Amino acid sequence: MVEIYLQMGVSPGRGSYDMAVEAEEMVTNTRQKLAHFFGAPDPDRVIFTNNATDALNLLLQGMLKPGDHVVSTRLEHNSVLRPLNHLHMKGIIEYDLVPFDANGFVDPCDILRSIRTNTKLVIMCHASNVLGTIQPVQEVGRLCSERGVPLFIDAAQTAGLIPINMKSWFLAGVAFTGHKSMLGPTGIGGLILNQEVEIEPTHFGGTGVDSKSLVHTPSFPHRLEAGTLNLLGIIGISESLAFLLHEGIEAIHRREMDLLHRLHDGFSHFKTINIYGPKNLSDHVGLITVNVEGMSPEDVGSILDADFGIAVREGLHCAPLVHESLGTSPKGGVRFSLGPFTTEEDIDATLAAMATIARTKDCC
Amino acid sequence: MNDSATHTLEAGDVHQKFRTIAGREILFDKQGFLWHPEDWSEEVAVALALESGIEALSNDQWRVIRFLRDYFAYHGRAPLNRDLKSGLNISLMDLESLFPGGIRHGARRIAGLPNPRACTG
Numbered sequence: 000m001v002e003i004y005l006q007m008g009v010s011p012g013r014g015s016y017d018m019a020v021e022a023e024e025m026v027t028n029t030r031q032k033l034a035h036f037f038g039a040p041d042p043d044r045v046i047f048t049n050n051a052t053d054a055l056n057l058l059l060q061g062m063l064k065p066g067d068h069v070v071s072t073r074l075e076h077n078s079v080l081r082p083l084n085h086l087h088m089k090g091i092i093e094y095d096l097v098p099f100d101a102n103g104f105v106d107p108c109d110i111l112r113s114i115r116t117n118t119k120l121v122i123m124c125h126a127s128n129v130l131g132t133i134q135p136v137q138e139v140g141r142l143c144s145e146r147g148v149p150l151f152i153d154a155a156q157t158a159g160l161i162p163i164n165m166k167s168w169f170l171a172g173v174a175f176t177g178h179k180s181m182l183g184p185t186g187i188g189g190l191i192l193n194q195e196v197e198i199e200p201t202h203f204g205g206t207g208v209d210s211k212s213l214v215h216t217p218s219f220p221h222r223l224e225a226g227t228l229n230l231l232g233i234i235g236i237s238e239s240l241a242f243l244l245h246e247g248i249e250a251i252h253r254r255e256m257d258l259l260h261r262l263h264d265g266f267s268h269f270k271t272i273n274i275y276g277p278k279n280l281s282d283h284v285g286l287i288t289v290n291v292e293g294m295s296p297e298d299v300g301s302i303l304d305a306d307f308g309i310a311v312r313e314g315l316h317c318a319p320l321v322h323e324s325l326g327t328s329p330k331g332g333v334r335f336s337l338g339p340f341t342t343e344e345d346i347d348a349t350l351a352a353m354a355t356i357a358r359t360k361d362c363c
Numbered sequence: 000m001n002d003s004a005t006h007t008l009e010a011g012d013v014h015q016k017f018r019t020i021a022g023r024e025i026l027f028d029k030q031g032f033l034w035h036p037e038d039w040s041e042e043v044a045v046a047l048a049l050e051s052g053i054e055a056l057s058n059d060q061w062r063v064i065r066f067l068r069d070y071f072a073y074h075g076r077a078p079l080n081r082d083l084k085s086g087l088n089i090s091l092m093d094l095e096s097l098f099p100g101g102i103r104h105g106a107r108r109i110a111g112l113p114n115p116r117a118c119t120g
């Protein structure tokens, strides 16, 4: 990534010198690769953003108008909840959040029942970032399609891990981040839309085309991109896509799930460790959230970090309603996230560390 | 116990509360952390410790509190996990056990360091 950037690290498409042309080609090629990767109909509707939150803000603020209604879920990250709440507080929209069941899954019928005549869109996560449960978005997509309501998914936890096909899943759009299972760097993400989506720009400025006009470029992708793109991030995504395609994302997911089973089984032997989410991990991504009884999640995270060299994400995971429903608010939990480079030795070391920590609170 | 809430303010998403501790009116956040680290004194530490169930701070607990205060005064921020471990020469597991509220709500709060609320929410 850095090597390529050193060769063409300029503003893509601005100017006719060779490096600017090569950089623009890199951007265009990456759009095409991403469109193919997500089964999207039009590479020009692959919009680069800073991250998934940026993509979701662009989507919601660009699409929603006064009087619109939105259906979403209580599983969402603040990247969806806060833009929706912001628009609601400004009196622009109304929204309903569908609950999830004891195992962490949303019922597609609940979403269908929440759709009103003024429902502009449905938006939901593909997998919970707290529970790891993969949501039935294909079924929701089919039902929404029958009702003529577009479904958008927040694929922050699944892009690069679960094959997604916008066309066959009836998805109007996908928001993703580069730095999770896509294996890219931080600061790059994207919003991919189908051709039917009507959306207004939320940022205005230089696009490198139609510069004479004071009206922002109306055609995609420039319509939704203003200013110089994050070329280093785009190169990173391009390179990581090549790696993912070479390894095969289904194979990566299978490996992660084998390791997750090992971790889950290990945790289940400790009576002072509470595991959140389903016992059956068949529709799951490689993450698990737990708590050690009598210890704050933050302290568990600090101990794992300093005493055992294990980095975890503790707290509310920017998903306050999930923790509210789990009864773990306001302290949250400790999330262990696996990746393609996690090994059995890593899992065993984690279990040994947690055994040591849990024993200190096991007074019975 | 020196605990008398006088009034509550709201600043953004953070609730602040004035309390009288050791004869002084001191501003706390909603999780009981000092709003202004400079309001800390040993008397405040003793009062906060008492509230968390520590009748008398031990020498080991004072050593942790003084390390946190000194580190904060010198660096302008709380120590990282690895700084805590190397600076105190104890495991964080032992540190957690040393205070009833653990590392953050125990040691750090009693030492009057700011609430690291941005780290985990």
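Residue numbers (numbering that gives the first Met the number 0), protein chains in the order written: chain A, 0 to 363; chain B, 0 to 120.
Cβ atoms here follow ideal geometry from the backbone N, Cα and C, with glycine treated the same way.
Predicted model, so just to flag it, every value in this text is computed and none were measured.
Pull up the CB-CB distance for residue i and residue j, whole angstroms please, since I reckon it's below 8 Å.
i, j, result
"residue 160 (chain A)", "residue 287 (chain A)", "With 8 Å as the limit, residue 160 (chain A) and residue 287 (chain A) do not qualify as a contact, their Cβ atoms being about 15 Å apart."
"residue 32 (chain B)", "residue 18 (chain B)", "Not really, about 12 Å apart at Cβ, beyond 8 Å."
"residue 77 (chain B)", "residue 107 (chain B)", "7 Å"
"residue 192 (chain A)", "residue 44 (chain A)", "4 Å"
"residue 121 (chain B)", "residue 113 (chain B)", "This structure does not reach residue 121 (chain B), given that chain B is present from 0 up to 120, and the question cannot be answered."
"residue 94 (chain A)", "residue 111 (chain A)", "Contact flag wrong, Cβ pair sits at about 16 Å."
"residue 175 (chain A)", "residue 188 (chain A)", "6 Å"
"residue 39 (chain B)", "residue 111 (chain B)", "3 Å"
"residue 258 (chain A)", "residue 300 (chain A)", "About 20 Å separates the two Cβ atoms, so there is no contact after all."
"residue 64 (chain B)", "residue 46 (chain B)", "About 13 Å separates the two Cβ atoms, so there is no contact after all."
"residue 122 (chain A)", "residue 153 (chain A)", "7 Å"
"residue 92 (chain A)", "residue 55 (chain A)", "That belief does not hold up - the Cβ atoms of residue 92 (chain A) and residue 55 (chain A) are roughly 14 Å apart, past 8 Å."
"residue 223 (chain A)", "residue 57 (chain A)", "6 Å"
"residue 105 (chain A)", "residue 74 (chain A)", "6 Å"
"residue 173 (chain A)", "residue 165 (chain A)", "6 Å"
Starting from residue i, follow its DSSP beta bridges and name the residues at the other end.
i, result
"residue 283 (chain A)", "A:132"
"residue 290 (chain A)", "A:273"
"residue 91 (chain A)", "Paired residue(s): none; residue 91 (chain A) is not in a bridge."
"residue 333 (chain A)", "A:289, A:313"
"residue 123 (chain A)", "A:152"
"residue 83 (chain B)", "In the DSSP output, where bridge partners are listed per residue, residue 83 (chain B) has none listed."
"residue 45 (chain A)", "A:191"
"residue 33 (chain B)", "B:27"
"residue 175 (chain A)", "A:189"
"residue 71 (chain A)", "A:96"
"residue 118 (chain A)", "A:68"
Taking Cβ-Cβ distances shorter than 7 Å, what residues in chain A pair up with residue i?
i, result
"residue 80 (chain B)", "301, 304, 305"
"residue 91 (chain B)", "301, 302, 305, 306"
What in chain A is Cβ-close to residue i, meaning under 8 Å?
i, result
"residue 84 (chain B)", "305, 306"
Could you name the residues of chain A that residue i contacts, counting a contact when the two beta carbons are closer than 9 Å?
i, result
"residue 95 (chain B)", "294, 295, 298, 299, 301, 302, 356, 359"
### Query
Is there contact between the region 14-29 of chain A and the region 127-142 of chain A, where contact requires at least three CB pairs shorter than 8 Å?
no
### Query
At a Cβ cut of 7 Å, what residues of the region 98-116 of chain B count as close to chain A, listed as they run along the chain?
Within the region 98-116 of chain B, the qualifying residues are 101, 102, 103, 104.
### Task
Would you list, in chain order, the members of the region 47-64 of chain B that have their beta-carbon closer than 8 Å to a beta-carbon of chain A?
Near chain A, meaning a CB-to-CB distance below 8 Å, no residue of the region 47-64 of chain B qualifies.
### Task
Taking a Cβ distance cut-off of 7 Å, strictly less, list which residues of the region 8-42 of chain B are near chain A, in chain order.
none
### Three-pair Cβ contact test at 8 Å for the region 83-92 of chain B versus the region 42-54 of chain B
no
### Segment contact flag, the region 225-245 of chain A with the region 316-323 of chain A, C-beta cutoff 8 Å, min 3 pairs
no
### Validate contact between the region 91-103 of chain B and the region 292-306 of chain A using beta carbons, cut 8 Å, 3 pairs
yes
### the region 266-278 of chain A in contact with the region 68-85 of chain A per 3-pair CB rule at 8 Å
no
#### Entry: the region 246-265 of chain A touching the region 200-208 of chain A, judged by at least three CB pairs closer than 8 Å
Counting Cβ pairs under 8 Å, fewer than three are found: no touch.
### Message
If contact is defined by three or more beta carbon pairs under 8 Å, each pair taking one atom from either stretch, is the region 346-358 of chain A in contact with the region 301-321 of chain A?
### Response
yes
### Task
Report yes or no: do the region 249-256 of chain A and the region 94-106 of chain A share at least 3 C-beta pairs separated by less than 8 Å?
no
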